[in-house]
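Peer 1: My questions will all concern the structure given below.
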Amino acid sequence: PVFSFKLRGAYNKISQLPREALDKGVICSSAGNHAQGVALAAQRLGIKATIVMPRTTPAIKVQAVRDRGGKTVLHGDTYDEAYQHARQLEADRGLTFIHPYDDPEVIAGNGTIGMEILRQHPDPIDAVFIAVGGGGLVAGVATYIKFLRPEIKIIGVEPDDAASMHQA
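If you want it as structure tokens, here you go:
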């Protein structure tokens, strides 16, 4: 399995694609958990997944994607370079790009964590702390929880050395 929430969003997105898109395959750019989530979701759904990763990605992460059925393409030295290459391959080959966080179906898949939190904690909850990176996790979990329990406070948290929310 993939020990990350990223599988939830990837599977939710891919499982809702039309047959024509599934037949062509999916593509993503990632150097980590999203790559593994897309690869595993595609494998379970019986479709092809191309995963574009920076050349600097550790070999263990590249192998983890391959072990889950993903075809890896190593391109560029940074995530941004891998992302641009993935978008070009998407256009050239007619693949469907699976964004790691900026997609409604990915966000909804991540929201299933909110469902689990509420099911596992039927007693009153004052606040839920959620990690913020790209925003897909906090958006999904917060949307689910606030829809059912608007009185619960949602608090986004991030490490000091990756303060994307603070910078925004």
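FYI, the numbering for the sequence shown is 21 to 188, going by our numbering.
Note that CB positions come from ideal geometry on N, CA and C, so glycine has one too.
All values derive from a computational prediction rather than experimental measurement.
Look up Ile-71 in the DSSP assignment and say whether it is helix, strand or coil.
Peer 2: strand
Peer 1: With Gly-176 as the anchor, note down where its alpha helix (DSSP H) starts and where it stops.
Peer 2: Looking at the DSSP string, Gly-176 is not in any alpha helix (DSSP H); the run it does join, the beta strand (DSSP E), is 173-177.
Peer 1: Could you check which residue in Ala-147, Tyr-121, Ala-182 has the C-alpha nearest to that of Pro-170?
Peer 2: Ala-147
Peer 1: Does the Cβ-Cβ distance between Ala-102 and Pro-120 come in under 8 Å?
Peer 2: no
Peer 1: Can you give me the Cβ contacts of Gly-114 inside the same chain, cut-off strictly under 7 Å, excluding the 5 residues immediately before and after it?
Peer 2: Taken in chain order, the residues that qualify are Lys-44.
Peer 1: So for Thr-163, helix, strand or coil by DSSP?
Peer 2: helix
Peer 1: Label Thr-98 either buried or exposed according to how many other C-beta atoms from any shown protein chain fall within 10 Å of its C-beta, with 16 as the threshold for buried.
Peer 2: exposed
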